[in-house]
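One structure is given here, and the rest of the page talks about it.
Residue numbers (my numbering): 660 to 752.
Structure below.
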């Protein structure tokens, strides 16, 4: 069984947020913050076909509505690709 960490990132590394922002600036990534990683993880879990029940467990989320906030981009992209396929476009967005 996986134990969940009870510490926040700021408790583990007080300058974590500023470090992420500095690294983002160096890499040319704008508007980056540690919480963005959570959205990325939720998106990737969903995009790769992981059952939402497992995705919620991995992210420590109890409510479907909250999980959907983290994964809505996947469904928007899938809808756009389905539309393009339906009208005969070969390439996705």
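Cβ coordinates follow ideal geometry from the N, Cα and C atoms, glycine included.
Computed from a predicted model, the values in this text were never measured in an experiment.
Looking only at its own chain, which residues have a Cβ that is under 6 angstroms from the Cβ of residue 715, when we skip the five neighbours before and after it? Mapped onto the chain shown, residue 715 falls at position 56. Excluding residues within five positions, the ones whose Cβ falls inside 6 angstroms are 726.
Can you tell me whether DSSP reads residue 678 as helix, strand or coil? Here residue 678 refers to the residue found at position 19 when the chain shown is read from its first residue. Here residue 678 sits in helix by DSSP.
Do residue 702 and residue 733 have their beta-carbon atoms positioned less than 9 angstroms apart in this structure? Locating residue 733 in the chain shown gives position 74, counting from the first residue. Locating residue 702 in the chain shown gives position 43, counting from the first residue. Yes. Within cutoff.
Classification of residue 751 by the beta-carbon crowding that lies within 10 angstroms, buried from 16 upward: Locating residue 751 in the chain shown gives position 92, where the first residue counts as 1. Low per-residue confidence applies at residue 751: pLDDT is 48, beneath 50, and the placement is therefore not dependable, though the value from the model is reported in the following sentence. When all chains shown are included, residue 751 counts as exposed.
Nearest-angstrom Cβ-Cβ length linking residue 677 and residue 693, presumed shorter than 8 angstroms: Here residue 677 refers to the residue found at position 18 when the chain shown is read from its first residue. Here residue 693 refers to the residue found at position 34 when the chain shown is read from its first residue. Going by Cβ atoms, the distance from residue 677 to residue 693 rounds to 10 angstroms, so no, they are not a contact pair.
Reference residue 700; option with closest CA among 743, 737, 720: Position 41 of the chain shown, counted from the first residue, corresponds to residue 700. Check the Cα spacing between residue 700 and each of 743, 737, 720: the tightest is with 720.
Considering only residues of the segment 682 to 717, which uninterrupted alpha helix (DSSP H) runs meet the minimum length of 4 residues and lie entirely inside it, listed in chain order? Complete alpha helix (DSSP H) runs here, min 4: 693 to 706.
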